[in-house]
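Report on the following structure.
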Amino acid sequence: MKNLIKSEIYKIKFEKCIWIILILILFVSLNNFGLQTSSNGKEAFCSSTRDFVTLFACAAYAGMSIAYDFSNRTINNLIISGHNRLKVLLSKLVRYYLGCIIIYFSSTIIITLPYLLTKGWGNEFDFDELNYIILYITLTLFFTISTSTIMFFIAFFIKETGLATTLCLFTMLVIILSIKDTQFSSITLTDDILTGNKTFFYGMVWGLIQIIIPLILSFIHFRKVELK
Numbered sequence: 004m005k006n007l008i009k010s011e012i013y014k015i016k017f018e019k020c021i022w023i024i025l026i027l028i029l030f031v032s033l034n035n036f037g038l039q040t041s042s043n044g045k046e047a048f049c050s051s052t053r054d055f056v057t058l059f060a061c062a063a064y065a066g067m068s069i070a071y072d073f074s075n076r077t078i079n080n081l082i083i084s085g086h087n088r089l090k091v092l093l094s095k096l097v098r099y100y101l102g103c104i105i106i107y108f109s110s111t112i113i114i115t116l117p118y119l120l121t122k123g124w125g126n127e128f129d130f131d132e133l134n135y136i137i138l139y140i141t142l143t144l145f146f147t148i149s150t151s152t153i154m155f156f157i158a159f160f161i162k163e164t165g166l167a168t169t170l171c172l173f174t175m176l177v178i179i180l181s182i183k184d185t186q187f188s189s190i191t192l193t194d195d196i197l198t199g200n201k202t203f204f205y206g207m208v209w210g211l212i213q214i215i216i217p218l219i220l221s222f223i224h225f226r227k228v229e230l231k
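Heads up: the sequence shown begins at 4 in the working numbering, then just goes up one per residue.
Below is the structure:
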């Protein structure tokens with residue numbers, strides 16, 4: 004298991020899809036800055052644009068990375084070599100989550116930095132503000148990973164790179180449109196927790212539901228499917 008995880012982490016350095024995704028995020032950021040959709044760095048940092056771009060990027064990564072490992076028979080070869088299917092799944096999950104974390108922080112910096120450099124943060128930057136940023140990042144990262152786990156299941160279920168990527172992006176679009184104006188969007192949940200309108204426990208339960216169910220379904224399917 005340890006060697007599998009090391010191997011997956013090592014692969015991230017050479018994944019072209021992450022660089023492609025980050026370049027696309029850069030173009031979105033430049034367009035967003037050109038339209039001046041935020042008035043300062045903090046507003047850009049907390050914007051729905053940053054949240055949606057990150058979610059779409061993680062959805063694309065699921066198809067372009069995880070499903071690709073089925074298409075090029077990497078996963079098949081691991082199973083043939085005698086590796087346990089659960090361990091293979093978990094090692095792929097670690098790599099996917101690490102990729103999502105890289106995408107999260109990269110998109111946050113890419114989208115926030117232009118406004119921060121030209122318009123400032125928007126508030127006095129003191130200890131309370133720093134504490135707010137840390138909590139905001141922690142919560143939104145958790146909710147991003149939670150929602151993105153659904154895309155991991157889709158990639159594991161579909162297996163074909165192009166179709167999986169398309170379906171992951173479409174599913175993420177449906178999810179975003181369904182929850183963007185509700186209490187279940189990551190930004191609303193984070194704001195409610197930070198302002199005391201919702202408890203941290205409430206957010207954790209919602210996030211864990213999105214993680215546990217797709218992972219169970221992924222393993223059930225992966226355990227039974229015949230790899231060709």
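No residue lacks a Cβ here, since even glycine has one placed at the ideal position from N, Cα and C.
Within the same chain, and ignoring the five residues on either side of serine 94 in sequence, the residues whose Cβ sits closer than 8 Å to its Cβ are Met4, Leu7, Ile8, Ser10, Glu11. Annotation: the continuous alpha helix (DSSP H) that includes valine 177 extends over 164–182. Between the region 83–94 and the region 18–36 there are fewer than three inter-stretch CB-CB distances shorter than 8 Å, so the stretches are not counted as touching. Non-local beta-carbon contacts of leucine 101 in its own chain, meaning distances under 7 Å to residues more than five positions away in sequence, involve Ile12, Ile15 in chain order. Taking 4 residues as the shortest admissible run, the region 27–90 contains the following complete alpha helix (DSSP H) segments, listed from N- to C-terminal end: 44–48, 51–64, 71–74, 77–83. With the rule of 3 Cβ pairs closer than 8 Å, the region 52–64 counts as touching the region 167–186. Residue nearest to isoleucine 21 within the set Ser42, Tyr64, Phe173 is Tyr64 (criterion: CA-CA distance). Less than 7 Å separates the beta-carbon of serine 50 from that of serine 41.
Taking a 10 Å sphere around the C-beta of arginine 98, we find 16 or more other C-beta atoms and assign the residue as buried. Shown here for phenylalanine 145: same chain residues with a beta carbon closer than 7 Å to its own, the five before and five after excluded, namely Gly210 in chain order. A residue is called buried once 16 or more other Cβ atoms fall within 10 Å of its Cβ, and serine 221 is buried on that count.
Sorting Glu229, Thr115, Thr143, Glu46 by C-alpha distance to the C-alpha of phenylalanine 187 places Thr143 at the top. Distances from the CA of glutamate 46 to each of Lys122, Arg76, Ser68 were compared; the closest alpha carbon is that of Lys122. When DSSP states are grouped into helix, strand and coil, phenylalanine 187 belongs to the coil group.
In this structure, the straight-line span from the alpha carbon of isoleucine 112 to that of isoleucine 82 is close to 38 Å.
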